[in-house]
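Numbering (our numbering), first residue to last: 405 to 523.
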Amino acid sequence: RGSSSPAARGAPPACPDRRVILIIGDGAAQLTIQEMGSMLRDGQAPVILLLNNDGYTVERAIHGAAQRYNDIASWNWTQIPSALNAAQQAACWRVTQASQLAEVLDRLVRPDRGAVVGG
Numbered sequence: 405r406g407s408s409s410p411a412a413r414g415a416p417p418a419c420p421d422r423r424v425i426l427i428i429g430d431g432a433a434q435l436t437i438q439e440m441g442s443m444l445r446d447g448q449a450p451v452i453l454l455l456n457n458d459g460y461t462v463e464r465a466i467h468g469a470a471q472r473y474n475d476i477a478s479w480n481w482t483q484i485p486s487a488l489n490a491a492q493q494a495a496c497w498r499v500t501q502a503s504q505l506a507e508v509l510d511r512l513v514r515p516d517r518g519a520v521v522g523g
């Protein structure tokens, strides 16, 4: 769990001409989202698509939906850049419908600024 954020942190130095798109669940993100602070501080501009389903869905499928340890705290993901003192380096959107996602994805063409899209 949670290895994709550190991998996304290391990708830009390895491929500086490409933009990182990180697709991560809310459970994994709660373990490693602090990497976003380093990414934004260093001028990286990741697109972070955060799938918010209030817990560890894979673990629910394996161990049962009623297991309390698969539930996680609800976070306001669009406020994470502010909490990391990096609000100016990232644009954030809360998306709950497919039509909203299409609109937001059209806005992500600005490669010099990070983006967080969460539900």
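Just so you know, even glycine gets a beta-carbon here, dropped at the ideal spot from N, CA and C.
Through-space distance from Asn456 to Met440, alpha-carbon basis: Locating residue 440 in the sequence shown gives position 36, counting from the first residue. Locating residue 456 in the sequence shown gives position 52, counting from the first residue. One C-alpha to the other measures close to 17 Å.
Please identify the residue among Asp430, Ala432, Gly431, Ala415 whose C-alpha is closest to the C-alpha of Val424. Walking along the sequence shown from the start, residue 424 turns up at place 20. Its Cα nearest to that of Val424, the residue Ala415 stands out among Asp430, Ala432, Gly431, Ala415.
Report back the beta-carbon spacing between Leu512 and Ala519 to the nearest angstrom; my notes put them in contact at under 8 Å. Mapped onto the sequence shown, residue 512 falls at position 108. Mapped onto the sequence shown, residue 519 falls at position 115. About 5 Å separates the two Cβ atoms, so the contact holds.
Limits of the unbroken alpha helix (DSSP H) element including Val508: Counting from one through the sequence shown, the residue named residue 508 turns up at place 104. Looking at the DSSP string, the run of the alpha helix (DSSP H) that includes Val508 is 502-511.
Does the Cβ of Ser442 lie closer than 7 Å to at least one heavy atom of the ligand NAD? In the structure shown, the ligand NAD is absent, as is every other ligand, since no ligand is present at all.
From this set, Arg472, Leu444, Ser407, Leu509, which residue's C-alpha is nearest Trp497's C-alpha? If you number the sequence shown from 1, residue 497 lands on position 93. Residue Leu509 is the option with its Cα nearest to Trp497.
Does the beta-carbon distance from Asp430 to Ile476 come in below 8 Å? As a working mapping, residue 430 is identified with position 26 in the sequence shown. As a working mapping, residue 476 is identified with position 72 in the sequence shown. Their beta carbons are under 8 Å apart, which means Asp430 touches Ile476 by this criterion.
For Glu463, which residues in the same chain have their Cβ closer than 6 Å to its Cβ, ignoring the five residues on either side in sequence? Here residue 463 is taken as the residue at index 59 of the sequence shown, counted from 1. Around Glu463: Asn474.
For a test of the three-state rule: what should DSSP assign to Gly518, helix, strand or coil? Here residue 518 refers to the residue found at position 114 of the sequence shown. Looking at Gly518 - three-state DSSP - the assignment turns out to be strand.
Provide the residue span of the alpha helix (DSSP H) that contains Arg413, from first to last. In the sequence shown, residue 413 corresponds to position 9, counting from 1. Taken as a continuous stretch (DSSP letters only), the alpha helix (DSSP H) holding Arg413 covers 408-418.
Distance, Cα to Cα, Ala411 vs Leu488? Within the sequence shown, residue 411 is the residue found at index 7, counting from 1. Within the sequence shown, residue 488 is the residue found at index 84, counting from 1. C-alpha separation (whole angstroms): 19 Å.
By DSSP, does Arg423 sit in helix, in strand, or in coil? One-based indexing of the sequence shown puts residue 423 at position 19. Three-state DSSP puts Arg423 in coil, outside helix and strand.
Just to confirm, are Leu444 and Ile427 a CB contact at a threshold of 8 Å? As a position in the sequence shown, residue 444 is number 40, starting the count at 1. As a position in the sequence shown, residue 427 is number 23, starting the count at 1. Contact: no.
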